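Since the structure comes first, as C-alpha cells, the remarks are kept for the end.
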Amino acid sequence: DAKTTQPTSMDCAEGRAANLPCNHSTISGNEYVYWYRQIHSQGPQYIIHGLKNNETNEMASLIITEDRKSSTLILPHATLRDTAVYYCIDGGFNTNAGKSTFGDGTTLTVKP
Amino acid sequence: ETGVTQTPRHLVMGMTNKKSLKCEQHLGHNAMYWYKQSAKKPLELMFVYSLEERVENNSVPSRFSPECPNSSHLFLHLHTLQPEDSALYLCASSQDREGLGPLHFGNGTRLTVT
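Chains as they are written, first to last, in my numbering: chain A, 1 to 112; chain B, 1001 to 1114.
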C-alpha cells in the first residue's frame, strides 16, 4: 500500500494556481518527498523533490510543512496541458527502503 | 522527449508466444526498473537492477524474465503470458546506484495478450 494519501481529484481554472496536497505522515527523517505526473498514455514525469526545505524549479514549487508530514505541490499558472494524474511519493527507491509505492494519485483537470 | 526509450510502443501477443520488451537509457544512470501499470491500478514495481545486478524481484511470476546486460539496457522477456498480463509496462532509471533520486520513465510498452 502507498504510504502517502492524496485527494482523488481536483479541478483548476486555466491560468490559476493549482495547489495539490499530500499527506505523508509516516515519512522518516532521511526520506525525500517526490512528485511526478502522468499524462494519459505516457510514462510518469518527474516534477520536483525535497527533503525539508521548500523547493522551486521551472515546473512547480514544493512546500513541505515543518513537521514534514504533509506537502503541497503548486503549479503557479495552470494550463490545459497540466491536466494529468499527480503522484506524491515519499522515500527513495533504495532497495533497503523497500517499496516506495505509487498510490492512485490526484487527477487534476484544468478547465478553460 | 525522454532519456529513456522503450520499444516497441505497442505489442499484441498470443499466450503461447515469446517476446521481449527493450529499454535503453541515455542518462548515465546506475539503476533501472520495470513497472507494470494495469488499467485503473497504481504502478507496481516488478524488478530493480543496480549496476546490472538484480536487487529486487517483487514476487513476479516466472513467465516474466528480466535481463540487464549493461547499465544502459534492460530487457523483459515474456513467455506463456495470460490475458491478465495485459498492461502498460514502464521502464525507469535513476542516477544513484542505491536507487535514490528521481526516477526517469520511458513512455512504456502497451501489451495486449490475446
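Beta carbons are placed, not taken as given, at the ideal position from N, Cα and C, and that holds for glycine.
Because the structure is a prediction, the values reported are computed rather than measured.
For the beta strand (DSSP E) holding alanine 78(A), just list the boundary residues, first then last.
In the first sequence, residue 78(A) corresponds to position 78, counting from 1. Per DSSP, alanine 78(A) belongs to no beta strand (DSSP E) and is neither H nor E.
Considering only C-alpha positions, which residue in the set Thr1005(B), Val1048(B), Glu1044(B) and His1010(B) is nearest to histidine 1026(B)?
Locating residue 1026(B) in the second sequence gives position 26, where the first residue counts as 1. Minimum Cα distance to histidine 1026(B) is reached at Thr1005(B).
Using a Cβ-Cβ cut-off of less than 9 Å, give me the residues of the stretch 14–42 of chain A that come near chain B, in sequence order.
Answer set for the stretch 14–42 of chain A: Tyr32, Tyr34, Tyr36, Gln38, Ser41 and Gln42.
My output table needs one value for glutamate 1056(B): the three-state DSSP class, helix, strand or coil.
Here residue 1056(B) corresponds to residue number 56 of the second sequence, with the count starting at 1. In the structure shown, glutamate 1056(B) sits in a strand (DSSP, three-state: E or B).
In angstroms, rounded to a whole number, what distance separates the CA positions of tyrosine 943(B) and methionine 1032(B)?
Residue 943(B) is absent from the model: chain B starts at 1001 and stops at 1114.
Measure the CB-CB distance between glycine 91(A) and glutamine 6(A) and report whether it falls below 8 Å.
Taking the first residue of the first sequence as position 1, residue 91(A) is located at position 91. Taking the first residue of the first sequence as position 1, residue 6(A) is located at position 6. No, these two residues do not count as a Cβ contact at 8 Å.
Hey, how far is the Cα of leucine 80(A) from the Cα of serine 41(A)?
In the first sequence, residue 80(A) corresponds to position 80, counting from 1. In the first sequence, residue 41(A) corresponds to position 41, counting from 1. Using only the alpha carbons, I get a separation of about 16 Å.
Got a sec? Which residues, its chain only, sit under 7 Å from lysine 1036(B) by beta carbon, not counting five neighbours each side?
Along the second sequence, one-based indexing puts residue 1036(B) at 36. Glu1044, Met1046, Ala1087 and Tyr1089.
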